[in-house]
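Comments concern the structure below.
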Amino acid sequence: MSVGATVGRPRDPEVDERITRAAAEVFGGEGWARFSVDAVARRAGVGKASIYLRWPNKEALLVAVFASRLSGVRDIDTGSLRDDLVALARQVLHAFLDESGGAVLRLMLEVESIPAGQEHLDRFLQSQATAARAIVHRGIDRGQLRPDISVTLLLNTISGGALNHALTTPSRSRAKVAANADRYAEELVDFVLASVTAP
């Protein structure tokens, strides 16, 4: 056997995905206090040994969930202020409403008690701010926004609107609301722009 050879059967990425999806669902529904490897194994339909083969403890498993599912918000330059903001709002909405959205919302509520959670949440929030700042500066340069527009208030209004929309959605309606998230992003941005665009 060569020095670089691996021993044993390679990990199945489909099993990895099933476990992290189940972990996101358990954490989103139960919170950190009731999050356990046992609960994740039952939800994923795998043995605990399969989980411990991949992650040494429940903290490492949850970190893997955040790393794979709490991706940052990208700045998308479409050439249009409205379309840039819609792209921003859509990314935020999908982060909160997609299958792992409950885990993201739960992290925002419980971040102080979750080991290693703050780093991932900070990265996500910083990416929103960075994207919004770039969009606003382009809008000002194009004459589409007043030069004195507040990046913070604009971001808070759009991201806060997206967050509130997700938080107030009953679990039974979540799939339907998620399916309509792109349209809601347009409605939210149009409402905000009505009060901040340059005359």
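Residue 76 in full-length UniProt numbering sits at position 76 of the sequence shown; the count goes up by one each step and never skips. All residues carry an ideal CB built from backbone N, CA and C; glycine is no exception.
Among all the DSSP beta bridges, which residues are the ones paired with residue i?
i       : result
Leu-145 : Thr-197
So the candidates are the options; which of them puts its Cα closest to the Cα of residue i?
i       : options                              : result
Glu-17  : Arg-42, Ala-64 and Ala-49            : Ala-64
Glu-187 : Arg-74, Asp-12, Thr-157 and Pro-147  : Thr-157
Thr-168 : Arg-69, Leu-105 and Arg-43           : Leu-105
Thr-20  : Ser-100, Thr-78 and Leu-93           : Ser-100
Ala-132 : Asn-164, Ser-195, Arg-69 and Ser-150 : Ser-150
Ala-24  : Glu-14, Ala-194, Phe-66 and Ser-50   : Phe-66
Arg-142 : Asp-77, Val-46, Ser-173 and Ala-41   : Asp-77
Asp-122 : Leu-107, Ala-44, Arg-43 and Ala-134  : Leu-107
Drop a sphere of 10 angstroms on the beta-carbon of residue i, count the other beta-carbons inside from all chains shown, and report buried for 16 or more, exposed for fewer.
i       : result
Asp-84  : buried
Leu-109 : exposed
Leu-145 : buried
Ser-159 : buried
Lys-58  : buried
Phe-191 : exposed
Arg-183 : exposed
Gly-139 : buried
Can you tell me whether DSSP reads residue i as helix, strand or coil?
i       : result
Arg-21  : helix
Ile-76  : coil
Asn-164 : helix
Asn-156 : helix
Thr-169 : coil
Pro-13  : helix
Leu-70  : coil
Ile-114 : coil
Ser-150 : coil
Asp-98  : coil
Val-46  : coil
Exercise. Counting pairs of beta carbons, one from the stretch 20-40 and one from the stretch 61-76, are three or more of them closer than 8 Å?
Worked result: yes
For this session: Report yes or no: do three or more beta-carbon pairs, one from the stretch 122-130 and one from the stretch 72-86, lie closer than 8 Å?
Result: yes
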